[in-house]
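To keep things clear, I will list the structure first and then write my remarks on it.
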Amino acid sequence: MSEGRGQTVGQGRRLQAESGRLQGESRRLEDSEPAPGVAPWDPLDPRRAAQAASALRRRAWRTHASFAALLLAAVVVAPLVGSTSLDLAEVLDRSRPFADNTAAQIFFIARLPRVLAAGLVGATLALAGVVMQALLRNPLATPFTLGVSSGSALGAMLAITFLPAWTGNALTSVPLASLAGAAGAVLIVYALAQVRHRGFSTDVLLLAGVTLNAFFSALILLVQYLSDFTETVRTLRWLMGDLDVAGYAPLGIATVLLLPALVAFAWLPRSLNALALGAEQAGTRGVPVLGVQRLAFFASSLATGVAVSLAGPIGFVGIIVPHLVRLLVGADHRVVLPASALFGGAFLIACDAVARIVIAPVELPVGVVTAVIGAPFFLWLLIRKP
Amino acid sequence: MACALALLVACSPREQAPAPTEVKGPRVVSLVPSVTEMLFAVGAGPQVVGVSSFDKFPADVASRPRVGALLDPDVERILALKPDLVVTYGSQSALRAQLERAGIAIFEYRHGGIGETLETLEAIGVRTGHTEEGRAAAGVLRAQLVGIRQRVEGAPRPRTVLVFGREPGAVRNVWASGGKGFLHELLDVAGADNVFADVDRENVQASSELLLARAPEVIVELRAEARAPEATSPWAVLPSIPAVRGNRIHVLQGDQFVVPGPRLGQAAEALARVLHPEAFR
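Note that the protein sequences, when read in sequence, are chains A and B. For the first sequence, the residue numbers in the working numbering are 845 to 1230. For the second sequence, the residue numbers in the working numbering are 309 to 589.
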């Protein structure tokens, strides 16, 4: 960082103090005496900054804890409700073999994996939404903005309509094709964003993504139009999102595929905070802007692709949850990212529970529920807060 | 300019051989595969001058001009075939308005149960000048169904789920017959109880929870088109279903299971044969 002018130094110190707030660096700040040679007008008194930092840290912990409690409650309650009424004693009855115990099978094969899938997909889409919004510096960005989901959907449509059945062990043709479609879309968008720009133009990215989205959507319509009527219902249903994964194998595979994205998400928050000020500002603060943008793009794309291949393109989670969380906890990504993951998981679990029981035994598509519940709630929150 | 010309040439309607002119009785265009089958069954086949793009049966439809289907009826081609009667699906109101303006009579059809199929067989006979044949064809179908019902009468009725679509290789996006419509009634004729009989809809999306809870003793999967067999049965993920444990999972292939027409008798018999093999020895 250049130390040419006092203002820059002051900025640098402020950034350090900011970034130290939640990361356990406050002790160092507390112990250190004000450095000699700092401009006398620096408003940051280290002691007060440290106090503020620890207060903020406590608040962040409280926030995380309450969101985690919410998710935990959802995970515990959701498997208990459903179209069939279950006796918990029967579910946990070890004296009967699992193969005979229908209640246990409903609980452990149908409901629990479904709830876990909802948690995983909700968290993933919310995280991807936060990162996309920060990367594109656009509040309207969603995990689906850059065409990943429509590429994924196109792959799935082609598989449902044209591909013969192919059974690996846990991987089947539709999720695989959907992953392939997502990967194709990501690479095309990335190549387009690179070609005209030696760096990483988020404007080109956004325009290319939106156009590709429209293009893939048109191809999806074409595939549907050409497919038989009996297929149309199923392809349409796939597009509304479905969390009924019937077992843990798909969940395990999705989790493994998600790991790199999750690692990236854990590493990103500070850089995203800096990026929120604009690429140039972030650059002057020593953030490797290009690398951060690439990482954010590929991590959120991977997360979106995996989530969509597991459960279909469930809309609204990726846009509403980040905004909701920001309205509740502020804009600091170090809080927003984990809180969005926790809240996104809880939100989708709740929506899926509603989808399962509201007109049981018939199910509602969960994508419809997320929008129907989420939109009014979000609007209420929006007008409630000044 | 050359490009535009090429486009024009490419777009000009393919002139099909003119439809046979020596047709006796009203000329009919059918946009509904099941009614096309009925037309041929009542002896109005020679009068059928145009069929939908989904028609496959009987083999004669291959020689008829295609005029689109439910969502994309080609009004120009329909008019060019100079039909006296057009069979439309119930929801094609825009097409009906256009045909009415052109002064062409309409036979409106909607899928329903077996009763509607029998009624439609007779009605389409009347409208095409084959009243007797229509009545006879309905009689034949009715007799087939009664015969099958009697054949499996008294045998225990297995609780069955009739699956007509799911994701290849997985028990996901499973669609089954609800307690309404011709598939449900076929199952009844073939001597089985539908596990979704209480659901007042034609289709049910059967989640894994529903499938486990309803515990069908037999699973019958219907496929309109041939598909490569799956290496391992995906149903094994739901092991407590009696049909899975007893290995009573049957796949029936053929479009008679999705087209409620005169072949419903065959469809019912195919179902009865897998549900009650002992009755057909």
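Positions of the beta carbon are idealized from the N, C-alpha and C atoms, including for glycine.
Helix, strand or coil: how does DSSP classify residue i here?
i, result
"ASN511 of chain B", "strand"
"GLY473 of chain B", "strand"
"ILE593 of chain B", "Within the shown structure, residues of chain B are numbered from 309 to 589, placing residue 593 of chain B beyond reach of any answer."
"HIS584 of chain B", "coil"
"PHE1222 of chain A", "helix"
"GLY573 of chain B", "helix"
"GLY358 of chain B", "strand"
"GLN400 of chain B", "coil"
"VAL1213 of chain A", "helix"
"VAL567 of chain B", "coil"
"ARG1129 of chain A", "coil"
"THR1016 of chain A", "strand"
"ARG385 of chain B", "helix"
"LEU1087 of chain A", "coil"
"ARG374 of chain B", "strand"
"SER1184 of chain A", "helix"
"LEU1208 of chain A", "coil"
"LEU429 of chain B", "helix"
"VAL1202 of chain A", "coil"
"GLN393 of chain B", "According to the sequence as given, residue 393 of chain B is Leu; it is not Gln. In the structure shown, LEU393 of chain B sits in a strand (DSSP, three-state: E or B)."
"ALA972 of chain A", "helix"
"TYR1092 of chain A", "coil"
"GLY966 of chain A", "helix"
"SER870 of chain A", "The predicted model places SER870 of chain A with a pLDDT of 39, which falls under 50 and marks its position as unreliable, so this point remains unresolved."
"ALA578 of chain B", "helix"
Can you give me the Cβ contacts of residue i inside the same chain, cut-off strictly under 7 Å, excluding the 5 residues immediately before and after it?
i, result
"GLU533 of chain B", "none"
"PHE1221 of chain A", "none"
"SER515 of chain B", "none"
"GLU1075 of chain A", "ILE1004, THR1005"
"ARG871 of chain A", "The pLDDT assigned to ARG871 of chain A is 40, lower than 50, so where the model puts this residue is not dependable; a value taken from the coordinates is nonetheless given after this. Result list for ARG871 of chain A: empty, nothing under 7 Å."
"ALA961 of chain A", "LEU1087, VAL1089, LEU1095, LEU1154, ALA1155"
Can you find the residues in the same chain that come closer than 6 Å, C-beta to C-beta, to residue i, ignoring five residues on each side of it along the sequence?
i, result
"GLU510 of chain B", "GLY486, LYS488, GLY489"
"ARG556 of chain B", "VAL526"
"GLY1243 of chain A", "Given a span of 845 to 1230 for chain A in the structure shown, any question on residue 1243 of chain A remains unanswerable."
"GLY420 of chain B", "none"
"LEU915 of chain A", "LEU1186, GLY1189, ALA1190"
"GLY973 of chain A", "THR986, PRO987, GLY1162, ILE1163, PRO1166"
Against residue i, what residues of chain A qualify as contacts under a CB-to-CB distance less than 9 Å, listed in chain order?
i, result
"ASN502 of chain B", "Under the 9 Å cutoff, chain A gives no residues; its nearest Cβ is about 13 Å from ASN502 of chain B."
"PRO547 of chain B", "PHE942, ALA943, GLN949, ILE953"
"ALA523 of chain B", "THR946"
"GLY376 of chain B", "The contacting residues do not exist; GLY376 of chain B stays about 12 Å from chain A at best."
Mind listing the chain B neighbours of residue i? Cutoff is C-beta to C-beta under 7 Å, in chain order.
i, result
"GLU1207 of chain A", "GLN513, SER515"
"TRP1082 of chain A", "ASN481"
"GLY1091 of chain A", "VAL545"
At a CB-CB cut-off below 8 Å, which residues of chain A make contact with residue i?
i, result
"GLY562 of chain B", "Neighbours of GLY562 of chain B on chain A: none; closest Cβ ~13 Å, over 8 Å."
"MET582 of chain B", "In the sequence as displayed, the identity of residue 582 of chain B is Val instead of Met. Simply none; closest approach about 20 Å."
"ARG509 of chain B", "VAL1206"
Following the continuous beta strand (DSSP E) through residue i, name the residue where it begins and the one where it ends.
i, result
"LEU1056 of chain A", "Not the beta strand (DSSP E): LEU1056 of chain A falls in the alpha helix (DSSP H), residues 1046-1070."
"ALA413 of chain B", "413-417"
"ILE557 of chain B", "557-561"
"ILE527 of chain B", "526-531"
"VAL336 of chain B", "336-338"
By the criterion of Cβ-Cβ separation under 7 Å, what are the contact partners of residue i in chain A?
i, result
"LEU518 of chain B", "SER927, PRO1205"
Starting from residue i, follow the alpha helix (DSSP H) in both directions and report where the run begins and ends.
i, result
"GLU517 of chain B", "516-522"
"SER994 of chain A", "992-1005"
"SER1115 of chain A", "1113-1119"
"VAL343 of chain B", "341-349"
"ALA985 of chain A", "Unbroken run through ALA985 of chain A: none, as it is neither H nor E."
"ALA551 of chain B", "550-553"
Please work out which residues of its chain come closer than 8 Å, Cβ to Cβ, to residue i, disregarding the five sequence neighbours upstream and downstream, and give them in chain order.
i, result
"GLU461 of chain B", "GLY499"
"PRO585 of chain B", "none"
"PRO1209 of chain A", "ARG1081, MET1084, GLY1085, ASP1086, ALA1199"
"ARG553 of chain B", "PRO547"
"LEU969 of chain A", "PRO987, ALA1147, THR1148, ALA1151, ILE1158, VAL1161, GLY1162, VAL1165, GLY1188, LEU1192"
Which chain B residues sit within Cβ distance under 8 Å of residue i?
i, result
"VAL1077 of chain A", "GLY473, TRP483, ASN511"
Cβ closer than 9 Å: which chain B residues qualify as neighbours of residue i?
i, result
"ASP1086 of chain A", "ARG480, ASN481, GLN513, SER515"
Whole alpha helix (DSSP H) runs in the segment 876-957 of chain A with 4 or more residues, listed along the chain?
890-921, 932-935, 946-949
I'd like the ranges of any alpha helix (DSSP H) spanning at least 4 consecutive residues and lying wholly in the segment 434-505 of chain B.
439-460, 490-497
Which runs of the beta strand (DSSP E), 3 residues or longer, sit entirely within the segment 1133-1160 of chain A?
none
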